[in-house]
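Asks:
There are 4 protein chains.
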Amino acid sequence: MKDSLRVAIIGVSGYGGGELFRLLSSHPNVRIAHIAAETRANESLASIFPHLPHWGKIEKFPEDRPWEDVEVVFTAMPAGQSGKVARAYRDTPVRIIDLGPDFRFSSRERFQEWYKMDHPFPEGLSRATYALVEWNRDAIRKSEILACPGCYPTGALLGILPFAKNGFLGDGPIIVDGKSGVTGAGRGLTLETHFPEIAEAIRAYKPLDHRHVPEMEQGIEQLSGMPATVIFVPHLVPINRGLLSTIYMRLSKPLTAKEAQEVLRRAYREERQIVFPGVPPHTGGVRGTNLTAIHAECREDMLVVMTAIDNLVKGAAGQAIQAMNVMCGFPEETGLPMIGAFP
Amino acid sequence: MKDSLRVAIIGVSGYGGGELFRLLSSHPNVRIAHIAAETRANESLASIFPHLPHWGKIEKFPEDRPWEDVEVVFTAMPAGQSGKVARAYRDTPVRIIDLGPDFRFSSRERFQEWYKMDHPFPEGLSRATYALVEWNRDAIRKSEILACPGCYPTGALLGILPFAKNGFLGDGPIIVDGKSGVTGAGRGLTLETHFPEIAEAIRAYKPLDHRHVPEMEQGIEQLSGMPATVIFVPHLVPINRGLLSTIYMRLSKPLTAKEAQEVLRRAYREERQIVFPGVPPHTGGVRGTNLTAIHAECREDMLVVMTAIDNLVKGAAGQAIQAMNVMCGFPEETGLPMIGAFP
Amino acid sequence: MKDSLRVAIIGVSGYGGGELFRLLSSHPNVRIAHIAAETRANESLASIFPHLPHWGKIEKFPEDRPWEDVEVVFTAMPAGQSGKVARAYRDTPVRIIDLGPDFRFSSRERFQEWYKMDHPFPEGLSRATYALVEWNRDAIRKSEILACPGCYPTGALLGILPFAKNGFLGDGPIIVDGKSGVTGAGRGLTLETHFPEIAEAIRAYKPLDHRHVPEMEQGIEQLSGMPATVIFVPHLVPINRGLLSTIYMRLSKPLTAKEAQEVLRRAYREERQIVFPGVPPHTGGVRGTNLTAIHAECREDMLVVMTAIDNLVKGAAGQAIQAMNVMCGFPEETGLPMIGAFP
Amino acid sequence: MKDSLRVAIIGVSGYGGGELFRLLSSHPNVRIAHIAAETRANESLASIFPHLPHWGKIEKFPEDRPWEDVEVVFTAMPAGQSGKVARAYRDTPVRIIDLGPDFRFSSRERFQEWYKMDHPFPEGLSRATYALVEWNRDAIRKSEILACPGCYPTGALLGILPFAKNGFLGDGPIIVDGKSGVTGAGRGLTLETHFPEIAEAIRAYKPLDHRHVPEMEQGIEQLSGMPATVIFVPHLVPINRGLLSTIYMRLSKPLTAKEAQEVLRRAYREERQIVFPGVPPHTGGVRGTNLTAIHAECREDMLVVMTAIDNLVKGAAGQAIQAMNVMCGFPEETGLPMIGAFP
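From first to last, the protein sequence lines are chains C, W, A and X.
Residues in the first sequence are numbered consecutively from 0, following numbering that gives the first Met the number 0.
Residues in the second sequence are numbered consecutively from 0, following numbering that gives the first Met the number 0.
Residues in the third sequence are numbered consecutively from 0, following numbering that gives the first Met the number 0.
Residues in the fourth sequence are numbered consecutively from 0, following numbering that gives the first Met the number 0.
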């Protein structure tokens, strides 16, 4: 495997990081050279996850002397951390694929406003590409830093852009009602994600005020050219994986359900990882995969688009690997299972 | 207890019927005189539900010679069935409280259109009252037939009416994104509700086309005077009980979140069974009770109202008992627990 | 209500404490005079639990000047804490009902060995009664301190004692395979009880080495006179409430299943809160109640007894209230719902 | 791929069959030539499972003119059905790998006694091998018919045989307490597996009387030479996948936990698909894989062994493919993922 791409995973102890390890360890063109996690350094993978094997030692990222034996570094870290990694690798050929928020906004100020901290590497922002693969392939190929979209923006944008880009939307805000599995809230302990508090319950959280709102609005404008206001309410649902976005949009003129579905099929006709179940999508159908299942219905000039993804795969690790595949010239589905384990 | 109200429950083998038994059996002013279920006649309660006691025999409703020793009959039956019971009791003082759909529409034609069958007792429609207690108390007191709202309309109307009634709403459809626990789909066996198909998954069903849409639209118009278009997408969530409605409305002029919350508090200031958690409501907080938890947030002229109910209590059996309490002059919370079992 | 029994709840912020509040607040003979929780003092109940009402302020227990306006104090606290409360009330008529482990062992040394700390009030041990009501009523009536059994010992002892006490058991260890809902692990945050780590999974924990083993062995010996070795493996199951104990025992001579079931019925023929479903019990059938559902099967000289309880009710708060009822001369089921909410 | 092994899957519409399709469709040495399901013939895969692609048409197995273009036929069918398939292929080189019960018993009478039907192909019994790969590799290589063990016997035998085979067990029955996810009960609709009846609940079923008991007893005797009595109680737990077996055995002389763990490691030192977590195994750690996680603890002469498998993979489809790999000379893990998706 001497021609394998050598990669590192920083933040391997979280759910996104664990999923990167799962998928990259069987990717035929990749060799994992380093795994790191700030708080679990020197432990073994098998001691921090029940499904992962013993695999070397977990390191700490050596910020002062960054690893030289890697070509791509995946960062799955809290806000403000991956920027430091990218800074450590500036002016090197090493490319950064960030699953965190540091490079999602193109403006330093917006980052500061929403994350309440200085950006760790503002010069990097102009070198970064928003890596929603289906809508940004060309820029991804030549970028130094890839900013993978958040899980909610991924599900929302894939449903909105086919209509926004092609002039189908009328006035008024776009309403995104998101429902996420609990892994979306991360592996950090909170009362909200303590089993008994959320099993057998549903709740909304941060209605209208989630950091993903400005990301969605920026994404719509940058990728379709159309400015948009997004009304977004995320909900926590007692499942592990799965993110269903129900998106309500006003059309510029009435469409039938069939016509709306045709808009989607046309927009994604080349995409092997977008599927059209013909009925409202079921998160169970995409679990463990990088697939997006999508469907539309209409009532006069109101359009409803529903998208289902696995928040840890298409919403995080899988999308990052898909972007890596594009960046490195591998077939886009390489290393990404096309059939999940259902039920 | 010779002065107790004598009641019957028809349809006791379903989840709504079982919940009626649970609540009525400890209601201090009620004596259960008959229980019936078409398909389980002659069995004992304990053999059809793991939580209910041995309690006489389940009967079949004697349509030709309806029981005379009852004052109130609760019907929790499929469409077209409870109408027959009401017909059997016409011109008697026995009052019908129907948890099913037969008397929810005021128009025979609308029933026919949505349920694809003739109405079994069209003369009853004008004697029936839509029993959303908080908005229709006076009519309930003197009505012969009470049509309890569906679970989704209950959650939606309680969130919409304070704004619709008081002139706060602007143009455009009202969007109701509903999330229901699986008991909402009933006790009949379907692949959709087979455990492995829905555990660890979320899905929408019947988007824009659910029978609850015309019920919501009629309810808004009749109870607030304002005509409305409702865009409704229900979702199935892997919990047993709980119904969260996230309602998106355009305001006639911007409100702050605080002002919107104040509208709710004023509308329900006399209601002991409506609670204001001050944060997005958690279905776990109302589980097992007849409570409705409600909250509002705003972004400019867009209003989001969230309501949480237990679909089997406030969405079915509890609301029916609350209506019976009003009809019979008992204090409205009698027999309805104010604190549920959490977690 | 001037003749109500005035009680206090210390440790109200945990699941057992919250359940005590739920049940005691509707107990017809009780008035809650104080609620306390070390770490949540000065907050309101409604801010720490989604299902509880605003209710005064949470206090800290005033160890130096214990409340004088109470007759019974419920303590639901970590090991070593309730002993201090009992000490503060020594030589007063105030009676302590402890849901924690401090007074379960009759020997100070055994407490020290298993809890790795000095006992806070060793003189109290001889004044305490092991409050497994069904097997210890007389002692409970006149005791100053009641030590409520742990949840696992409750489920196990209720299944074992009818056979141990009446000479049906042969040689060999008693094997208890316990399966508990996650509330049994408490409200403290741990990775093991973080939703994604346990949803969709089952695991054993502390096999053969759980603190409940010596409690079970002591309970069998003290209440039946027969010494016993217990092999106990507890398991965590992804439900909120429910504890199923599958107990394997060797008989001194073969019994039929029917004979074994008859032993159980005879032992508990006076018990209104023990039920015999006639089939393996379902934890859903006892959820929210103080009931124990029990069943037995045999194969030659091997006996299997299965018991189902709600770990927060019969395994904690409900059993404590049942013991209070006995202690204070109220009918034993007072304030304890006989029908739970299923599903 | 002209040298690929051509296989058929009969019974593709059940959970075991769907899992066979998932795994075989990415097996590098296999080409799926036919899929069949009695009751879903002429439908597409995508219409019967949300996670599977459109893939030809589902056929009915042509019993009179069995397909000639296949080398291996997988049967995942109810009792009595796969025997007919095997009969149709008798005297041909086509090999049968049966996930169902028809060929698990070596005696026709025992099949008849437990399944209450005549065996459809009794002559096949002597040509069949019990395909517990780890303990029966040589026989599998040359067999015409492979009978894959049931899910419970798989988990139990893998824990019992290392001790039975090597003389560590003393007198007395072997107690197997099994806990299975709901997919283990199949895809057929029953009230027991209707979501609300089992979510938030645990129950035992068929205690002491399950068809897997004689299979376990036969397996122990045939593979270790030691006759055994098995006391088996299976439990249904509200998860989709996962089977945890807690096995209680009396040792012929005391062992330490470390010694017992060493017995397991020695027995399975060549097995790449058996893992030793060093703590009680977690079903989440093996989900989606063909791995078995195993652990042992002791207290004097009582031994507890715990095994965790995915009931649909190692307990069904994965084990069948592992056996096919052995039979056909492929490396044993081919096509079987070594890392599952957790959480």
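A virtual CB, placed ideally from N, CA and C, is assigned to each residue, including glycine.
Please report the distance separating the alpha-carbon of S105/A from that of I9/A.
Replies: 23 Å
Asks: Out of curiosity, what's the CA-to-CA distance linking P237/C and T288/X?
Replies: P237/C and T288/X have their C-alpha atoms some 23 Å from each other.
Asks: Among V229/W, F231/W, C297/W, which residue has its Cα nearest to the Cα of K257/W?
Replies: C297/W
Asks: From this set, L222/W, A266/W, H193/W, D137/W, which residue's C-alpha is nearest V235/W's C-alpha?
Replies: The sequence given here has Leu at residue 235/W, not Val. For the residues L222/W, A266/W, H193/W, D137/W, the minimum Cα distance to L235/W belongs to H193/W.
Asks: What residues in its chain sit with their C-beta under 7 Å from that of T245/X, if we drop five residues either side in the sequence?
Replies: Closer than 7 Å at the Cβ level, and outside the excluded window around T245/X, lie D176, V303, M305.
Asks: Looking only at its chain, what residues have a beta carbon closer than 6 Å to the beta carbon of G314/W, apart from the 5 residues adjacent to it on each side?
Replies: C150, T153, L242, I308
Asks: Over the uninterrupted beta strand (DSSP E) stretch that includes H234/X, give me the two end residues.
Replies: 229 to 235 is the extent of the beta strand (DSSP E) around H234/X.
Asks: In chain order, what residues of the same chain have a beta carbon less than 7 Å from the beta carbon of V229/C, not counting five sequence neighbours either side?
Replies: P172, I173, V175, V212, M215, E216
Asks: On the criterion of 16 or more Cβ atoms from any shown chain inside 10 Å, does T182/A qualify as buried, or is it exposed?
Replies: buried
Asks: Identify every run of the alpha helix (DSSP H) within the stretch 238 to 273 of chain W, keeping only runs that are complete inside it and at least 4 residues long; order them along the chain.
Replies: 256 to 266
Asks: If you reduce the DSSP assignment to three classes, tell me which class R186/W lands in.
Replies: R186/W carries a coil assignment under DSSP once its states are collapsed to helix, strand and coil.
Asks: Below 7 Å CB to CB, which residues in the same chain sit around T333/A once its five sequence neighbours on both sides are set aside?
Replies: H26, P27, N28, N324
Asks: Using 8 Å as the threshold, is the C-beta distance between D97/A and T74/A below it?
Replies: yes
Asks: Counting only Cβ pairs nearer than 9 Å, list the residues of chain A close to N239/X.
Replies: E199
Asks: Out of curiosity, what's the CA-to-CA distance linking G15/X and L160/X?
Replies: 25 Å
Asks: Quick one: which residues of the stretch 179 to 191 of chain W get their C-beta closer than 7 Å to a C-beta of chain A? List them in chain order.
Replies: Residues passing the 7 Å Cβ filter: T182.
Asks: Just verifying my parser: in three-state terms, what is the DSSP assignment at I219/C?
Replies: Of the three classes helix, strand and coil, the one that applies to I219/C here is helix, per DSSP.
Asks: Under a CB-based cut-off of 8 Å, is A315/C close to chain X?
Replies: By this cut-off, A315/C is not an interface position.
Asks: Assuming contact is defined by CB atoms lying nearer than 8 Å, are R103/W and V71/W in contact in what I supplied?
Replies: no
Asks: Could you give the distance in angstroms between the alpha-carbon of H33/X and the alpha-carbon of V6/X?
Replies: Answer to the nearest angstrom: the Cα atoms are 7 Å apart.
Asks: Is it true that the CB of L145/A sits closer than 8 Å to the CB of A35/A?
Replies: no
Asks: Within 8 Å, do at least three Cβ pairs link the stretch 269 to 283 of chain C to the stretch 109 to 118 of chain C?
Replies: no
Asks: Give me the chain C residues within the contact set of P161/X, using Cβ-Cβ distance strictly less than 9 Å, ordered along the chain.
Replies: Residues of chain C passing the Cβ test: none, with the nearest at roughly 22 Å.
Asks: According to DSSP, is Y151/A helix, strand or coil?
Replies: helix
Asks: Are the CB atoms of K83/C and E62/C nearer to each other than 8 Å?
Replies: Contact annotation: K83/C and E62/C have beta-carbon atoms nearer than 8 Å.
Asks: Cα-Cα, which of E199/A, E270/A, L19/A, R186/A is closest to K178/X?
Replies: E199/A
Asks: By Cβ distance below 6 Å, which residues in the same chain neighbour E122/C in space, the five residues on each side in sequence not counted?
Replies: Counting only Cβ-Cβ distances below 6 Å, and skipping sequence neighbours, we find nothing.
Asks: So that I know if they touch, is there some Cβ in chain W lying closer than 8 Å to that of P52/X?
Replies: no
Asks: For D101/C, count neighbouring Cβ atoms within 10 angstroms of its own Cβ and tell me buried if that reaches 16, exposed if not.
Replies: buried
Asks: In chain order, what residues of the same chain lie with their CB nearer than 6 Å to the CB of N239/C, ignoring the 5 residues before and after it?
Replies: Here the set comprises G180, T182.
Asks: Can you list the alpha helix (DSSP H) stretches of 4 or more residues lying completely in the stretch 9 to 72 of chain W, in chain order?
Replies: 14 to 23, 44 to 47
Asks: Mind listing the chain A neighbours of S24/W? Cutoff is C-beta to C-beta under 7 Å, in chain order.
Replies: I338
Asks: Quick one: list the residues of chain C neighbouring Y14/A, beta-carbon separation under 8 Å, in chain order.
Replies: P195
Asks: Where does A40/X land, buried or exposed, given buried means 16+ other C-beta within 10 angstroms?
Replies: A40/X comes out exposed.
Asks: Any C-beta of chain X sitting closer than 8 Å to the C-beta of G154/A?
Replies: no
Asks: Just list the alpha helix (DSSP H) runs in the stretch 292 to 327 of chain W, keeping only unbroken ones of 4 residues or longer that don't cross its boundaries, in chain order.
Replies: Here the runs fully enclosed are 317 to 327.
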